[in-house]
Every structure is written in C-alpha cells, then in structure tokens.
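What follows is a set of notes on a single structure, which appears directly below.
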Amino acid sequence: MGSSLQTHLLSYWVRNKQQFTLEEAVRMLTFDNASAWELPDRGLLRTGYAADLVVFDEERIKPRLPTIEQDLPGGARRLVQKADGIAATIVNGAVAIENGHATGNFPGQVLKGRLAAS
98 MGSSLQTHLL SYWVRNKQQF TLEEAVRMLT FDNASAWELP DRGLLRTGYA ADLVVFDEER
158 IKPRLPTIEQ DLPGGARRLV QKADGIAATI VNGAVAIENG HATGNFPGQV LKGRLAAS
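Listed below in structure tokens is the structure:
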C-alpha cells in the first residue's frame, strides 16, 4: 500500500496506451522481478511455488493521488499511495489485504535471493 509503479503500468501503459498486453505487464511485475532477484519459488502460478497474488479489475485499476499519513511512532509522517481496482492481496496463500483493509493475516516473510544477500 504505497507504490504507484505497478498500478500506473497497468492503467496507463496497458489499458490507456496499449503499449503492453496485460500478460506482458503481469510478467514484468512478477516473473521478471522474481528472476532478477533470484527468488526461485516466486513469480509464477505453479505447484510448489508461494501463492503470492494480487486480485484486480483490469478495467478499474489505477493509482490514487498520494496522501500524507501521520501514524508512525512519535507522530512521524509517511507518504501513502493506494489504488483503485484491487480486490485482494494474497501472500503465501492467505488473504492479507481485502478491499483495502488489512485482514490481520501476516503470512509473509523477508525474502533474500542471492543478489539481496550479497
């Protein structure tokens, strides 16, 4: 819940400008990143792989304007950028975010591929 790169790619470059197919964009956001970071069980829907998914409506997905939230310790501020058109974020097969709200499931972990470890 804080980056517009992915939603901008899907809304602007795929839907509006038709410079990429939806399949090409999803591959860039998933498999290409997992491969670049050498994360062996990520980036594809395959038996034995982590079930990390974002369920979205390709006709509605788009980034919202950023907002400033003041919810960090000591009253510190942070920039937040949410999106429209995302129904759920699934991490390791468990729904972590549904309709923009955290579900209380925290099935994730910090991943370190060979590049991240060096």
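For the sequence shown, my numbering gives the first residue as 98, with consecutive numbering after it. All residues carry an ideal CB built from backbone N, CA and C; glycine is no exception.
*Between the Cα of LEU208 and those of ASP129, HIS105, PRO137, spot the shortest distance and give me the residue it belongs to.*
PRO137
*From GLY145 to VAL188, what distance separates their C-alpha atoms?*
14 Å
*Taking 8 Å as the cut-off, decide whether the C-beta atoms of GLN206 and SER100 are in contact.*
no
*Going along the chain, which residues of its own chain have a beta-carbon closer than 8 Å to the beta-carbon of ASN196, five neighbours each way excluded?*
ALA184, ALA185
*What are the start and end residues of the alpha helix (DSSP H) that includes ARG124?*
119–126
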